[in-house]
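Engineer: Residue numbers (the numbering used here), protein chains in the order written: chain D, 1 to 164; chain W, 1 to 164. Glycine residues also receive a C-beta, built at the ideal position from the N, C-alpha and C atoms. Here it is: the structure, laid out below.
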DNA sequence: AGGCTATATGAACGGATGTTCAGAAAAAAG
DNA sequence: CTTTTTTCTGAACATCCGTTCATATAGCCT
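So, in structure tokens, the structure goes:
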């Protein structure tokens, strides 16, 4: 708390005009992040075939997460510091987001364009793969964000068994 | 330290007969984990074509990590608590492991069995995907470890552009 | 200008942390 | 059994942490 206050340019006590305690601050940070993610995702049109929707999801996920490295870092590293009740809320939101992808995968299987025996597991695998970009991507690196999106889209398309 | 001592059944001070300080304890834990991982990996035969070697890597990675959830958890969550010098050592070991996979992918591209424009990125993507199993797998779940291995192998094979 | 509300300070609190160390206890060696 | 070595205890240390609160400051309204 003293560190946060320091970066804001204020004493630690002053923070308690804005949050009842540290746990609430962390929770609101993480819930706002998930709300923002779900809202931004909802803005994307969900029309078209499963293949197009999966490509859109892939590019969206990478871009949204890369643009918010701090939130993403906290969302993953501080999960264990949430009180059980707060943890449950965040996990539910995360589940909602995963269901978005799972729905696309199921539709694609139904369309016959994806070949997956377990869309639920596949959605977790794809999200893990995509979120992994945050651990190595550097804006000044050799790849543009567009390059990265395309590379990952190729891999995701293959992973779900879509034709080349 | 008091918590660790408690689980061992000893007072905190006694731990300092076995480690000079907390940082060394964490570092040794993580280095031993990486050493073990590399050693276990080295024991696997590296003969055969790239496709077989990739399948072996996939199954090996999932199984080795699932059998050591605590070490893996610490290896990921406590990275930021390593002093720079120690961090560099762990990162180098991790790089060694990633290079194993990258080598397989490069060989597969050379053989014409994989279709990847960037084997380095692909290796990171595959490892992220595989390690993700640790976040959801539960031994009493609906899938056996063998099921999981096979599901992921199907996805990995597709992701690297291998023929079905 | 004066009063009111919102916000900030700075010291203090109780408790947790990593670490040290003199002395007790336990184990090994003779 | 006695001595020596290894291991453990229990208290103490300095420092850090989240949080509270009386007091001071700042901004706004009339």
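#1: Report, in whole angstroms, the separation of the C-beta atoms of residue 131 of chain W and residue 33 of chain W, which I expect to be a contact under 8 angstroms.
#2: Does the CB of residue 124 of chain W have a neighbour CB from chain D at under 7 angstroms?
#3: Compare the C-alpha of residue 98 of chain D against each of D:37, D:154, D:5, D:11 and name the closest.
#4: Of all Cβ atoms in chain D, is any one closer than 7 angstroms to the Cβ of residue 121 of chain W?
#5: Flag residue 40 of chain W as yes if its beta-carbon sits less than 7 angstroms from any beta-carbon of chain D, otherwise no.
#6: Taking only the alpha-carbon atoms, compute the straight-line gap between residue 44 of chain W and residue 103 of chain W and give it to the nearest angstrom.
#7: Kindly list the residues whose CB is nearer than 8 angstroms to the CB of residue 129 of chain W, restricted to its own chain and excluding five residues on each side of it in sequence; keep chain order.
#8: Who are the near neighbours of residue 74 of chain W in its chain, counting only those whose CB is closer than 8 angstroms to its CB and skipping five residues on each side?
#9: Can you confirm whether residue 107 of chain W, when its beta carbon is compared against all beta carbons of chain D, has any partner nearer than 7 angstroms?
#10: Under a CB-based cut-off of 7 angstroms, is residue 101 of chain W close to chain D?
#11: Is the region 11-27 of chain W touching the region 78-86 of chain W in the sense that three or more CB pairs, one from each, lie closer than 8 angstroms?
#12: Anything in chain D within Cβ reach of residue 117 of chain W, meaning under 8 angstroms, just list it in chain order.
#13: For a contact meaning CB atoms closer than 7 angstroms, what does residue 159 of chain W contact in chain D?
#14: What's the call for residue 139 of chain W, buried or exposed, on a 16-neighbour Cβ count within 10 Å?
#15: Taking the alpha-carbon of residue 71 of chain W as reference, which of W:5, W:35, W:8, W:7 has the nearest alpha-carbon?
#16: Tell me which residues of the region 128-139 of chain D have at least one Cβ-Cβ distance to chain W shorter than 9 angstroms, keeping chain order.
Structural biologist: Put simply:
#1: On the second chain, position 131 is the one that residue 131 of chain W refers to. On the second chain, position 33 is the one that residue 33 of chain W refers to. Separation of the CB atoms of residue 131 of chain W and residue 33 of chain W is rounded to 13 angstroms, and the pair is thereby denied contact status at 8 angstroms.
#2: Within the second chain, numbered from 1, the residue matching residue 124 of chain W stands at position 124. Interface flag for residue 124 of chain W against chain D is set, since a Cβ pair is found closer than 7 angstroms.
#3: What you label residue 98 of chain D is simply residue 98 of the first chain in a count that begins at 1. The shortest Cα separation from residue 98 of chain D among D:37, D:154, D:5, D:11 belongs to D:37.
#4: As a working note, residue 121 of chain W is residue 121 in the second chain. Residue 121 of chain W has a beta carbon lying within less than 7 angstroms of a beta carbon in chain D.
#5: Your numbering for residue 40 of chain W matches position 40 in the second chain. Not a single CB atom of chain D sits nearer than 7 angstroms to the CB of residue 40 of chain W.
#6: The count along the second chain starts at 1 and reaches residue 44 of chain W at position 44. The count along the second chain starts at 1 and reaches residue 103 of chain W at position 103. So the alpha carbons of these two residues sit roughly 15 angstroms apart.
#7: Taking the first residue of the second chain as 1, we reach residue 129 of chain W at position 129. Its chain contains 152, 155, 156, 159 as the residues whose beta carbon lies nearer than 8 angstroms to that of residue 129 of chain W, once the 5 sequence neighbours on both sides are disregarded; these appear in chain order.
#8: Counted from its first residue, the second chain places residue 74 of chain W at position 74. Cβ within range, chain order: 26, 29, 30, 33.
#9: Indexing the second chain from 1 puts residue 107 of chain W at position 107. No, residue 107 of chain W does not count as interfacial toward chain D.
#10: Counting from one through the second chain, the residue named residue 101 of chain W turns up at place 101. At a cut-off of 7 angstroms between beta-carbon atoms, residue 101 of chain W makes no contact with chain D.
#11: Taking a cut-off of 8 angstroms on C-beta distances, the region 78-86 of chain W touches the region 11-27 of chain W, as three or more cross pairs fall below it.
#12: For this step, residue 117 of chain W is matched to residue 117 along the second chain. Within chain D, the C-beta atoms nearer than 8 angstroms to that of residue 117 of chain W come from 151, 154, in chain order.
#13: Here residue 159 of chain W is taken as the residue at index 159 of the second chain, counted from 1. Within 7 angstroms Cβ-Cβ: 155, 158, 159.
#14: By 1-based counting over the second chain, the position of residue 139 of chain W is 139. When all chains shown are included, residue 139 of chain W counts as exposed.
#15: Working through the second chain from its first residue, we reach residue 71 of chain W at position 71. The option with the nearest alpha carbon to residue 71 of chain W is W:35.
#16: Answer set for the region 128-139 of chain D: 128, 129, 130, 131, 132, 133, 135, 136.
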